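Data first, discussion second: the structure below is written as structure tokens.
Number of protein chains: 2
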Amino acid sequence: MKIDNPSQLGALEAAKLIASGHLTSEVLVRSCLERIEARDREVGAWISLEADRAIAEAKIRDSESARSPLHGVPFGVKDIIDAEGYRTGMGSPIYDDSAPLLNDAACVALAKDAGMVALGKTVTTEFALRTAGKTRNPHRLTHSPGGSSSGSAAAVADFQVPLAIGTQTGGSVIRPASYCGVVGFKPTFGRIPRAGVKSVSESLDTVGVMARNVQDAAVFSAILEGTTVAEFSSSQERPRFAFARTPAWDSLSPAAQKVGRDVVEHARASGASVVEIDLPPIFRDALEAQSCIQTYEATRSLAFELRRRPDQVSKALKDYVSSGSAMKRSTYDEARNIQASCRAALWPLLNDFGALLTPAAPGEAPANPSDTGSPIANAIWTMTGAPVVGVPGLLGSTGLPVGIQVIGPSGRAAATLSHALWLSEVLGK
Amino acid sequence: MKIDNPSQLGALEAAKLIASGHLTSEVLVRSCLERIEARDREVGAWISLEADRAIAEAKIRDSESARSPLHGVPFGVKDIIDAEGYRTGMGSPIYDDSAPLLNDAACVALAKDAGMVALGKTVTTEFALRTAGKTRNPHRLTHSPGGSSSGSAAAVADFQVPLAIGTQTGGSVIRPASYCGVVGFKPTFGRIPRAGVKSVSESLDTVGVMARNVQDAAVFSAILEGTTVAEFSSSQERPRFAFARTPAWDSLSPAAQKVGRDVVEHARASGASVVEIDLPPIFRDALEAQSCIQTYEATRSLAFELRRRPDQVSKALKDYVSSGSAMKRSTYDEARNIQASCRAALWPLLNDFGALLTPAAPGEAPANPSDTGSPIANAIWTMTGAPVVGVPGLLGSTGLPVGIQVIGPSGRAAATLSHALWLSEVLGK
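Chains A and B are the protein sequences, given in the same order. With our numbering, letter number 65 in the first sequence gets 65, and the count goes up by one each step, no holes. Take any residue in the second sequence, count from 1 to its spot, add 1000: that is its number in our numbering.
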């Protein structure tokens, strides 16, 4: 059996072929590197890549018996996350080629301990905030891949690597996944350790993953959490979804609103129950609260860069944090209280449902690579700490992808993934 | 006016003399360096010290007008926290002399931006857990300074530096402060940013400070939080304290129990109301929950060291985390629920009081420098995220210090500091 294009395989699919002797980690890694060589001059998903290091790691993996269901599979690492042998560039000139080589972040070490291979570092916006890197949307190179996990989404979408790690503070995993048409998964807040991940906003920063199918995302995330994947399948008798327009609804493009309406129809046509619900009144303040928390905390977490290297910080970032410097502690405290109330409200709200559906982005990818888009569709759910799966399969009016968010209550990731898997099968038909 | 021993000055006191031209930052820094030169061969509080760098920084501060109430004042940095020009040793051979020089952690950058001078790195136990460094208790060199912020406590107690940064996951600020007879302050969870601080247990790790008086601790902490210090004073008409024996009481030494009883008497004799209260039943599970959370999270946060550099990890640490690797996710989730319940219970419990009093350590410092003591007196309060001030002033049966913890509800640090200041004045009489 000769595998024609290993880089096209899903992660679990590839790992099964490696385990059964039909593929090697080395061949898979080399196939990804060839794809990158062929495509990345245009896509620009990678900021640093040590091909020899990745091949050497793959050879070691090939000499071992499988340590996990993803043994031998390569993954990309967003460049605000440390990986051994790389500097962490953070999308900032402050961390240029003179920055030191570092050790693995905890999540990268957990992946390697599971027999996975770090392929390289993917492009991030400046400190995972607004200023874009070089990455283009692989579906249409004139368009943005989204951000801040720009390179992770684009590399997975473009079959350059089957899996990548991203982070989300506002909408930085789910939005680029939506723009690039891949699965994004942001587990419950705090589940994947953040040691070795650049801290921007401690109450919000959440590590997540990009994949080309829901099962790959679920298993990769479990490995990064240092646990085993919970059993889940799509074989529910009759999935029970809630659908909410959310405070962001009026800011979504007509195309995104249509995708929201369409998914309700698709789900019902395939046998799911979908009940349109209203979010509790406290959610009206959620977007502003998320923005307050992020700004206040980023202003402080980035104190070294902002106060001691201001000449190397973008004007956009300086403008962004100037509001955080002026913000009163009491405003921040009030925002944290709203965060706690929204978190507490989510469990009872979703008690009768398997998951909540809403569009995953405000529309299709912006027609400007330096505009990574707005987190407005995602920020509330990041703030609640809820597990969110971004499921692709629908298109906007110009033919670019628009994803659906499948949201569960904190700690109920298995049920959320199970509903996301069901939906992805429906939308994939 | 000639200041005889600037290193003996409190931080605010020194800053006032600098601001009024009676002292310079350079003279103060040189005085601290002389004290270190004279004493630190025995005390062993510092793991790395760049004297020239500190003097150069002080000279720059002397050329500026005051940027904060602590302009020109030097501070020590626990060696799990990054500071520019230093490697971060973490008390581990993994981070030896080949480790790279790093940038400032956010809290260090905030202190420098306030005109303060980083004097050097203070000794930590291995990854702020159990395996001790070289530090001795300056009051009795055969004894432990406590840990994990061993060097920070010892350096401040020994007049080698007026202020130092520490961290607490179990009892790592308040306990060494108690053993060394200084003020420790652990602000509300999440208030001092953790960017650039080694992550051990994300739900518990809290940055705090050591000082020789309550006011110094309050102002230093406010600077590290990126805010201004709240107004507080000790001039309450009649302070209202609660006193609780807590689930740790039976594990305290007779000396610590006596200190607990004595402080109630002292406070009442000086006009305070002190009401003995019982903690709600949920607190019975608090110590075990804190231990579960710390172990589960440390096992994952330290994945690089434990899984990819196991030969350079102490046996004690390996033994400690083996329980974390075996722990079920559901056990951890249950512990996090107990944490949330204890947090929620603290506000109503302390509603009628200014603060809660309990002994700050299980007894006097252990007579073995490699035994940094037990966090049993502190772990519950770290878990609740409450602001805690460790106040010195009382002695155990062998004449070594035993501190008192002054505990407030989360977010009410000003009232807590105010009660701590009142108590410190009573005990200092």
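Just so it is clear, CB atoms sit at the ideal spot from N, CA and C, and this is done for glycine as well. For clarity, every value in this text was computed on a predicted model and none was experimentally measured.
Just checking my contact of residue i with residue j at CB under 8 Å: how many whole Å lie between their CB atoms?
i: S144 of chain A; j: A360 of chain A; result: About 15 Å; that fails the 8 Å criterion.
i: T1125 of chain B; j: S1150 of chain B; result: 6 Å
i: A114 of chain A; j: L70 of chain A; result: 6 Å
i: A1058 of chain B; j: V1117 of chain B; result: 5 Å
i: S301 of chain A; j: A1195 of chain B; result: 4 Å
i: A256 of chain A; j: V389 of chain A; result: Contact flag wrong, Cβ pair sits at about 17 Å.
i: S201 of chain A; j: E297 of chain A; result: 4 Å
i: A1111 of chain B; j: F1075 of chain B; result: 6 Å
i: D1104 of chain B; j: A1083 of chain B; result: 6 Å
i: Q1312 of chain B; j: I1080 of chain B; result: Contact doesn't hold; Cβ gap of about 16 Å is too wide.
i: R308 of chain A; j: S203 of chain A; result: At roughly 24 Å, the Cβ-Cβ gap does not stay under 8 Å, so R308 of chain A and S203 of chain A are not in contact.
i: T1188 of chain B; j: S1410 of chain B; result: 5 Å
i: T382 of chain A; j: G85 of chain A; result: Contact doesn't hold; Cβ gap of about 31 Å is too wide.
Using beta-carbon positions only, say whether residue i and residue j come within less than 9 Å of one another.
i: I1036 of chain B; j: V1073 of chain B; result: no
i: A1420 of chain B; j: V1108 of chain B; result: no
i: I55 of chain A; j: E26 of chain A; result: yes
i: F1185 of chain B; j: L1357 of chain B; result: no
i: A1316 of chain B; j: R1136 of chain B; result: no
i: L394 of chain A; j: V259 of chain A; result: yes
i: T299 of chain A; j: K198 of chain A; result: no
i: A1377 of chain B; j: R1191 of chain B; result: no
i: V1391 of chain B; j: I1404 of chain B; result: yes
i: A11 of chain A; j: F220 of chain A; result: yes
i: E225 of chain A; j: R245 of chain A; result: no
i: L163 of chain A; j: M210 of chain A; result: yes
i: W1422 of chain B; j: S1234 of chain B; result: yes
i: P1362 of chain B; j: A1289 of chain B; result: no
i: V29 of chain A; j: L119 of chain A; result: yes
i: I165 of chain A; j: G133 of chain A; result: no
i: S63 of chain A; j: P375 of chain A; result: no
i: L1350 of chain B; j: I1293 of chain B; result: no
i: L23 of chain A; j: L9 of chain A; result: yes
i: A1367 of chain B; j: C1180 of chain B; result: no
i: G396 of chain A; j: S251 of chain A; result: no
i: K1121 of chain B; j: V1161 of chain B; result: no
i: P193 of chain A; j: A106 of chain A; result: yes
Could you check whether the Cβ of residue i sits closer than 8 Å to any heavy atom belonging to the ligand ZN?
i: H139 of chain A; result: Looking at this structure, you won't find the ligand ZN or any other ligand, since it has none at all.
Please tell me whether residue i has its Cβ less than 9 Å away from any Cβ of chain C.
i: S203 of chain A; result: Absent from the structure is chain C; the protein chains it does hold are A and B.
Discussion item. Short of 8 Å Cβ to Cβ, which residues in the stretch 408-424 of chain A face chain B?
Written reply: Those residues of the stretch 408-424 of chain A that come within reach of chain B (Cβ to Cβ, closer than 8 Å) are G411.
Discussion item. So if I threshold CB-CB distances at 7 Å, which residues from the stretch 1207-1226 of chain B count as touching chain A?
Written reply: Taking 7 Å as the Cβ-Cβ cut-off against chain A, the residues of the stretch 1207-1226 of chain B that qualify are G1226.
Worksheet item: Are the stretch 1150-1162 of chain B and the stretch 1034-1051 of chain B touching, with three or more C-beta to C-beta distances below 8 Å?
Response: Look at the beta carbons and you see the stretch 1150-1162 of chain B touching the stretch 1034-1051 of chain B: at least three pairs across the two are nearer than 8 Å.
Item to complete: Let me know the alpha helix (DSSP H) ranges lying completely inside the stretch 315-359 of chain A, each 4 residues or longer, listed in chain order.
Response: Listed in chain order, the complete alpha helix (DSSP H) runs (minimum 4 residues) inside the stretch 315-359 of chain A are 315-326 and 329-350.
Fill in: Residues within the stretch 167-199 of chain A neighbouring chain B, beta-carbon criterion of under 8 Å
Cβ contacts with chain B: G190, P193, R194, A195, G196, K198 and S199.
Item to complete: Scan the stretch 99-128 of chain A for residues whose Cβ lies nearer than 9 Å to a Cβ of chain B and list them as they occur along the chain.
Response: Listed by position along the chain: A99, P100, L101, L102, N103, D104, A105, A106, C107, V108, A109, L110, K112 and D113.
Fill in: Every unbroken alpha helix (DSSP H) inside the stretch 53-80 of chain A [4 residues or more]
With a minimum length of 4 residues, no continuous alpha helix (DSSP H) run stays inside the stretch 53-80 of chain A.
Discussion item. Give the list of continuous beta strand (DSSP E) stretches no shorter than 3 residues that lie fully inside the stretch 1247-1290 of chain B.
Written reply: Segments of the beta strand (DSSP E) lying fully in the stretch 1247-1290 of chain B: 1273-1277.
Fill in: Near-chain B residues of the stretch 333-347 of chain A (beta-carbon distance less than 9 Å), N- to C-terminal order
Of all residues in the stretch 333-347 of chain A, only D333 and R336 come within less than 9 Å of chain B when Cβ atoms are compared, listed by chain position.
Discussion item. List, from N- to C-terminal side, the alpha helix (DSSP H) runs of 4 residues or more that fit wholly inside the stretch 100-128 of chain A.
Written reply: 106-113, all fully within the stretch 100-128 of chain A.
Worksheet item: If we count Cβ pairs, one from each stretch, closer than 8 Å, do we get three or more for the stretch 1278-1293 of chain B versus the stretch 1337-1345 of chain B?
Response: Yes, since at least three Cβ pairs between the stretch 1278-1293 of chain B and the stretch 1337-1345 of chain B fall closer than 8 Å, the two stretches touch.
Discussion item. Measuring CB atoms only, is the stretch 323-334 of chain A touching the stretch 401-414 of chain A, in the sense that at least three cross pairs come out at less than 8 Å?
Written reply: Not touching, per the Cβ criterion.
Worksheet entry | Residues within the stretch 284-304 of chain A neighbouring chain B, beta-carbon criterion of under 8 Å | The residues in question are E297, T299, R300, S301, L302, A303 and F304.
Discussion item. By the 7 Å beta-carbon criterion, what residues does the stretch 135-159 of chain A contribute toward chain B?
Written reply: Taking 7 Å as the Cβ-Cβ cut-off, the stretch 135-159 of chain A has no residue approaching chain B.
Fill in: Contiguous beta strand (DSSP E) assignments of at least 3 residues, all confined to the stretch 121-174 of chain A
The qualifying runs are 163-168.
Worksheet item: Using a Cβ cut-off of 8 Å, which residues of the stretch 1050-1076 of chain B contact any Cβ in chain A, in chain order?
Response: Of all residues in the stretch 1050-1076 of chain B, none has a Cβ within less than 8 Å of some Cβ in chain A.
Worksheet item: Any residues in the stretch 254-271 of chain A with a beta carbon nearer than 8 Å to a beta carbon of chain B? Which ones, in chain order?
Response: Closer than 8 Å at the C-beta level to chain B, one finds no residue of the stretch 254-271 of chain A.
Practice prompt. Taking only runs that begin and end inside the stretch 167-224 of chain A, name each unbroken beta strand (DSSP E) of 3 or more residues, in chain order.
Written response: Along the stretch 167-224 of chain A, the beta strand (DSSP E) occurs as fully enclosed runs of 3 or more residues at 183-186 and 206-211, listed in sequence order.
Discussion item. Which residues of the stretch 303-323 of chain A have a Cβ closer than 7 Å to any Cβ of chain B? Give them in chain order.
Written reply: Only A303, F304, R307 and R308 from the stretch 303-323 of chain A bring a Cβ to less than 7 Å from some Cβ of chain B.
Discussion item. Along the stretch 21-52 of chain A, where does the CB come closer than 8 Å to a CB of chain B? Name the residues.
Written reply: Considering only beta carbons, no part of the stretch 21-52 of chain A lies closer than 8 Å to chain B.
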